[in-house]
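Asker: Dropping the structure in here first, questions after.
Numbering (my numbering), first residue to last: 2 to 598.
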């Protein structure tokens, strides 16, 4: 039996087995509807958000907020961005190849998330195929190559990426990026002249699919250092075309006004090198932990900011301890040096965004090459204590990445609906009819995040229903107390005991270290927000006054707050009165309500 399994893993046919296994395990996710950004993509393909004033080119649909400040202020005025957004907020990505696939989806499968998701799943099948080809070229027709492919194919982190339609850019970046590595190996080892120009072309297409393809550049560099033979000048000449591709791509990125900064989720390394270095020191160990172990790196989002510096040392210690044991059990080969270097370098560019398993498509290629070697490497030559440690870690990897992995891989796609689909549908269903919101200002007093309500209105937009004239989210609080006080005919004050601008979903649009002074003002259409008081530690704004142009109890306003797993209409208090609004942590707020017994 063991010999049969070994022959299967080492055979070329196992690539087909791995592809089919990955596709079949992901099929249950087809029953999940649109998720988060999936809703807004329809709006962009129809011509952009309400602030744009006209259609945008389909290939530029990932330019959510460019350098144009007039567009930024129009977005603030309608509530597409929250009032506390950084004035230099930029969220613009150059992804024309991915955008083309979404445009085709919009044309062929406009209202069918199942067909769109199936398309992404089939693309992932292509990723598994090229990963299998890469392992076989680098490791030969061996058990290690087959095991590495199996580990990669059913990694549950990839299920998150593949089943989220809007995250297809990462799948395409991996498809073209790893294919470029395969062709580069053919060019170097086999002297294939066609591969010499096909490989850089594939790398370029990968970059135009998504920035994550820079991870392929990490492996191409690592290949040059560890696997390519010959003089360093010859190696440099072989690597030079990829440097040229990156230089041209970077120039296009800068000249086109692309980039992402202004908040904590996205940091542009070239624009904010110091902030990126600080974020890198935190995000790298979190991503490494998510790559090798459990729970997923997405859980970092759920850790309260005040706890992160307490949790991070434990993550770093576990990562270092695991790395030491891993090195003890690895064979000292150039292939393992290639995988380790490529894995670490591939994580550098993705540290520009908040940690999440969706970022592990490229690092997984190196990680599972190492893990497969670690599991299969002989132990006899190791000292007794070291052998026990190596066997223990190997058993952990086998349990998590081979035994539990198929269940996690098949389950994480459908489970995404808990946080990324169902809450949006619930909010959309709970909103008053569009006819009652047309021309009005919807004021959301407190919500566990800014995006869920915004996606709910986008979902209505997909159905052709009108959006309110303006949406005003006053604050985000998931802990402590939130008190709303009516101070005048046109003014209210919101007091958050834990302070403003400190929850992760507040910081999508604002830097955490942006100073706030007493009396600071933000002006948007029909409303002025003014800081009135600080938290006792003087670190955050605690009370903000909101002055509107019209009486807040008038017919032009609809007041809402998050309650019982969804948004509900509330009555604004009378002048001089104060009411407490519900505060729920994000996980509790997003979970599906229990059926009454």
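A virtual CB, placed ideally from N, CA and C, is assigned to each residue, including glycine.
1) Grab me the residues of residue 126's own chain with a C-beta within less than 7 Å of its C-beta, minus the 5 sequence neighbours each way, in chain order.
2) Let me know the beta strand (DSSP E) ranges lying completely inside the segment 430–473, each 3 residues or longer, listed in chain order.
3) With 16 other CB atoms within 10 Å as the buried threshold, where does residue 392 fall?
4) Per DSSP, what kind of secondary structure is residue 564 in: helix, strand or coil?
5) Please classify residue 404: is it buried, with 16 or more other beta-carbons within 10 angstroms of its beta-carbon, or exposed?
6) With H, G and I counted as helix, E and B as strand and the rest as coil, what does DSSP make of residue 535?
7) Check whether the Cβ atoms of residue 558 and residue 549 lie closer than 9 Å to each other.
8) With DSSP as the reference, identify every bridge partner of residue 484, one or two as the case may be.
9) So residue 616 and residue 36 are supposed to be a Cβ contact under 8 Å. How far apart are they, rounded?
10) Based on the DSSP output, what are the partners of residue 476 in its beta bridges?
11) By a C-beta neighbour count over all protein chains shown, 10 Å radius and 16 as the cutoff for buried, is residue 54 buried or exposed?
12) DSSP puts residue 66 in a beta bridge; with which residues?
13) Please go through the segment 229–310 and give each complete beta strand (DSSP E) segment of 3 or more residues, from N-terminal end onward.
14) Who are residue 522's beta bridge partners in DSSP?
15) Buried or exposed for residue 108, going by 16 or more other Cβ atoms inside 10 Å?
16) What is the DSSP secondary structure of residue 569, reduced to helix, strand or coil?
17) What span of residues does the alpha helix (DSSP H) with residue 4 cover, start to end?
18) What does a CB cutoff of less than 6 Å around residue 209 pick up in its chain, not counting 5 residues either side in sequence?
19) Please classify residue 584 as buried or exposed, where buried requires at least 16 neighbouring CB atoms within 10 angstroms.
20) Given residue 507, which residues of its chain have a CB within under 6 Å of its CB, disregarding the five upstream and five downstream residues?
21) Taking a contact to mean a Cβ-Cβ separation below 9 Å, would you say residue 605 touches residue 543 in this structure?
22) Leaving out five residues on either side along the sequence, give the residues of the same chain with a beta carbon under 6 Å from the beta carbon of residue 446.
23) Spatial neighbours of residue 566 within its chain, please: C-beta separation below 6 Å, excluding the five flanking residues on both sides.
24) For residue 515, I'd like the list of residues in its chain whose CB is within less than 8 Å of its CB, leaving aside the five on either flank, ordered along the chain.
25) Under a Cβ-count criterion, where at least 16 other Cβ atoms within 10 Å of its own Cβ denotes burial, should residue 406 be classed as buried or exposed?
26) Report yes if the CB atom of residue 342 is closer than 9 Å to the CB atom of residue 323, and no otherwise.
27) Which value, in whole angstroms, describes the spacing of the CA atoms of residue 444 and residue 420?
28) Just to confirm my understanding: we take residue 193, look at its own chain, exclude 5 residues before and 5 after, and list those with CB closer than 7 Å. What are they?
29) If I measure Cβ to Cβ from residue 364 and keep anything under 6 Å in the same chain, skipping five residues before and after, which residues do I get?
30) Excluding five sequence neighbours on each side, which residues of the same chain lie with their C-beta closer than 6 Å to the C-beta of residue 469?
31) Quick one: Cα of residue 275 to Cα of residue 452, how far?
32) Excluding the 5 residues preceding and the 5 following residue 483 in the sequence, name in chain order all residues of the same chain whose CB lies nearer than 6 Å to its CB.
33) If I follow the unbroken alpha helix (DSSP H) through residue 129, where does it start and stop?
34) DSSP puts residue 544 in a beta bridge; with which residues?
35) Among 385, 95, 190 and 480, which one has its Cα closest to the Cα of residue 303?
36) For the segment 70–89 against the segment 241–252, do three or more pairs of beta-carbon atoms, one drawn from each stretch, fall closer than 8 Å, so that the two count as touching?
Answerer: Taking the structure as given:
1) On the chain shown, position 125 is the one that residue 126 refers to. Result list for residue 126: 20, 23 and 24, in chain order.
2) 442–448
3) For the purposes of this step, residue 392 is taken as residue 391 along the chain shown, with counting starting at 1. Counting C-beta atoms within 10 angstroms of its own C-beta, residue 392 has fewer than 16 neighbours from the protein chains shown and is therefore classed as exposed.
4) To locate residue 564, count along the chain shown from 1; it is residue 563. Three-state result, residue 564: strand.
5) To locate residue 404, count along the chain shown from 1; it is residue 403. Its Cβ having fewer than 16 others within 10 Å, residue 404 is exposed.
6) Within the chain shown, the letter at position 534 stands for residue 535. Residue 535 falls in the strand class under three-state DSSP.
7) In the chain shown, counting from the first residue as 1, residue 558 sits at position 557. In the chain shown, counting from the first residue as 1, residue 549 sits at position 548. Contact: yes.
8) Your numbering for residue 484 matches position 483 in the chain shown. For residue 484, which the question treats as bridged, DSSP gives the partners 496 and 581.
9) Residue 616 lies beyond the range of the chain shown here (2 to 598); nothing can be said about it.
10) Residue 476 sits at position 475 when you count from the first residue of the chain shown. Paired residues: 447.
11) Looking up residue 54 in the chain shown gives position 53. Low local confidence applies: a pLDDT of 48 at residue 54 is under 50, so the model's placement there is unreliable, with the coordinate-based value given in what follows. By the 10 Å Cβ count, residue 54 comes out exposed.
12) Position 65 of the chain shown, counted from the start, is the residue given in the question as residue 66. Partner(s): 92.
13) 260–262
14) The residue you call residue 522 lines up with position 521 of the chain shown. Answer is 531, bridged to residue 522.
15) Your numbering for residue 108 matches position 107 in the chain shown. Exposed.
16) As a working note, residue 569 is residue 568 in the chain shown. Residue state, collapsed to three classes: strand.
17) Working through the chain shown from its first residue, we reach residue 4 at position 3. Segment 3–11, the alpha helix (DSSP H) holding residue 4.
18) One-based indexing of the chain shown puts residue 209 at position 208. Cβ neighbours of residue 209 beyond the five flanking positions: 97 and 98.
19) Residue mapping note: residue 584 aligns to position 583 of the chain shown, counting from 1. Result: buried.
20) Within the chain shown, numbered from 1, the residue matching residue 507 stands at position 506. The answer, listed in chain order, is 477.
21) With the chain running from 2 to 598 in the structure shown, residue 605 is simply not present.
22) If you number the chain shown from 1, residue 446 lands on position 445. Correct list, in chain order: 475, 485, 562 and 582.
23) Position 565 of the chain shown holds residue 566. Around residue 566: 594.
24) The residue labelled residue 515 in the question sits at position 514 within the chain shown. If the five residues before and after residue 515 are omitted, its C-beta is found closer than 8 Å to the C-beta atoms of 87 and 502, all from its own chain and listed in chain order.
25) Sequence index remark: in the chain shown, residue 406 carries index 405 (1-based). So residue 406 ends up on the buried side.
26) Mapped onto the chain shown, residue 342 falls at position 341. Mapped onto the chain shown, residue 323 falls at position 322. Not a contact, by the Cβ cut-off of 9 Å.
27) Here residue 444 refers to the residue found at position 443 of the chain shown. Here residue 420 refers to the residue found at position 419 of the chain shown. Cα to Cα, residue 444 sits roughly 23 Å from residue 420.
28) Here residue 193 corresponds to residue number 192 of the chain shown, with the count starting at 1. Result list for residue 193: 187, in chain order.
29) Taking the chain shown and counting its residues from 1, the one referred to as residue 364 is at position 363. These residues qualify, in order along the chain: 292, 344, 347 and 348.
30) One-based indexing of the chain shown puts residue 469 at position 468. These residues qualify, in order along the chain: 438, 441 and 443.
31) For the purposes of this step, residue 275 is taken as residue 274 along the chain shown, with counting starting at 1. For the purposes of this step, residue 452 is taken as residue 451 along the chain shown, with counting starting at 1. Rounded to whole angstroms, residue 275 to residue 452 spans 28 Å at the Cα level.
32) The residue labelled residue 483 in the question sits at position 482 within the chain shown. Counting only Cβ-Cβ distances below 6 Å, and skipping sequence neighbours, we find 447, 497, 582 and 584.
33) One-based indexing of the chain shown puts residue 129 at position 128. Per DSSP, the unbroken alpha helix (DSSP H) holding residue 129 starts and ends at 114–140.
34) Looking up residue 544 in the chain shown gives position 543. Paired residues: 496 and 534.
35) Against the chain shown, residue 303 aligns to sequence position 302. Cα-wise, what sits closest to residue 303 is 480.
36) no
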